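Each residue of the sequence shown is one higher than the one before, starting from 33 at the first, in the working numbering. Built from N, CA and C at the ideal position, the CB exists for glycine as well. These figures come from a predicted structure and were not determined experimentally. Heads up, the thing below is written out as structure tokens.
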Amino acid sequence: MMKKLVRVSMMYMILGLVFGVYYREFTKLNGFTGVTQLSVLHTHTLILGMFFFLIVLLLEKNFQLMKHRNYKKFYLCYNIGLGVTLLMLFVHGTMTVLGYADHAAIAGIAGLGHIMLAVGLGYFFNVLYGSVKD
Numbered sequence: 033m034m035k036k037l038v039r040v041s042m043m044y045m046i047l048g049l050v051f052g053v054y055y056r057e058f059t060k061l062n063g064f065t066g067v068t069q070l071s072v073l074h075t076h077t078l079i080l081g082m083f084f085f086l087i088v089l090l091l092e093k094n095f096q097l098m099k100h101r102n103y104k105k106f107y108l109c110y111n112i113g114l115g116v117t118l119l120m121l122f123v124h125g126t127m128t129v130l131g132y133a134d135h136a137a138i139a140g141i142a143g144l145g146h147i148m149l150a151v152g153l154g155y156f157f158n159v160l161y162g163s164v165k166d
């Protein structure tokens, strides 16, 4: 089961690096020099994806988080929330580079992604608190 955490961390690492290349090449190709959400997509993916799950891996090794009844809820909520959030950063950033106006639907969906991410973090701390022994 711990290999699942290694795989998801590696997946976010690959995705983060791809997003970094996409940002550099897409803005260069379009001659864009302004501010875009794409500039933070790379770091968000690496920190909230790769590094976060590497930390979860270390905590799992010491505290057996996966045995907690809310672990699956944490894992699903967090990954769905992060996926939606990253997707909206990608869409919004790409639209900005292409010169499209902001759209309220993108902000709304990104907000839902952030809410799911927050719920996932709530479950994570519930799992961590319940797994750590005094």
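Excluding the 5 residues flanking S71 on each side, which residues of the same chain have their C-beta closer than 8 Å to its C-beta?
If you number the sequence shown from 1, residue 71 lands on position 39. Y55, G125.
Whole angstroms is fine: what's the gap from L80's alpha carbon to A139's?
For the purposes of this step, residue 80 is taken as residue 48 along the sequence shown, with counting starting at 1. For the purposes of this step, residue 139 is taken as residue 107 along the sequence shown, with counting starting at 1. Using only the alpha carbons, I get a separation of about 19 Å.
Drop a sphere of 10 angstroms on the beta-carbon of E57, count the other beta-carbons inside from all chains shown, and report buried for 16 or more, exposed for fewer.
As a first step, residue 57 must be located in the sequence shown, where it is residue number 25. Exposed, since its Cβ has fewer than 16 Cβ neighbours within 10 Å.
For T75, does the three-state DSSP call read helix, strand or coil?
Sequence index remark: in the sequence shown, residue 75 carries index 43 (1-based). Three-state DSSP puts T75 in a helix.
For H74, is the classification buried or exposed, using 16 other Cβ atoms within 10 angstroms of its Cβ as the cut-off for buried?
On the sequence shown, residue 74 is found 42 positions in, with the first residue counted as 1. With 16 or more other Cβ atoms within 10 Å, it is buried.
By how many angstroms is the C-alpha of V164 removed from the C-alpha of D134?
Here residue 134 refers to the residue found at position 102 of the sequence shown. Here residue 164 refers to the residue found at position 132 of the sequence shown. Cα-Cα distance, rounded: 44 Å.
Buried or exposed: which applies to A136, given that a residue is buried once 16 or more other Cβ atoms fall within 10 Å of its Cβ?
On the sequence shown, position 104 is the one that residue 136 refers to. So A136 ends up on the exposed side.
Let's test the definition: count the other Cβ atoms within 10 Å of the Cβ of F85 and tell me whether it reaches 16, buried, or not, exposed.
By one-based count along the sequence shown, residue 85 stands at place 53. That one is buried.
Which stretch, first to last residue, makes up the alpha helix (DSSP H) that contains G66?
By 1-based counting over the sequence shown, the position of residue 66 is 34. Looking at the DSSP string, G66 is not in any alpha helix (DSSP H), and its letter there is neither H nor E.
Grab me the residues of T68's own chain with a C-beta within less than 6 Å of its C-beta, minus the 5 sequence neighbours each way, in chain order.
Here residue 68 refers to the residue found at position 36 of the sequence shown. Cβ neighbours of T68 beyond the five flanking positions: G125, T128, V129.
Nearest to L149 by alpha carbon, out of L118, L89, N102?
Translated into positions along the sequence shown, residue 149 becomes position 117. For L149, the nearest C-alpha among the options comes from L118.
Can V40 and H100 be called in contact, C-beta distance under 8 Å?
Taking the first residue of the sequence shown as position 1, residue 40 is located at position 8. Taking the first residue of the sequence shown as position 1, residue 100 is located at position 68. Result no, Cβ atoms of V40 and H100 do not sit closer than 8 Å.
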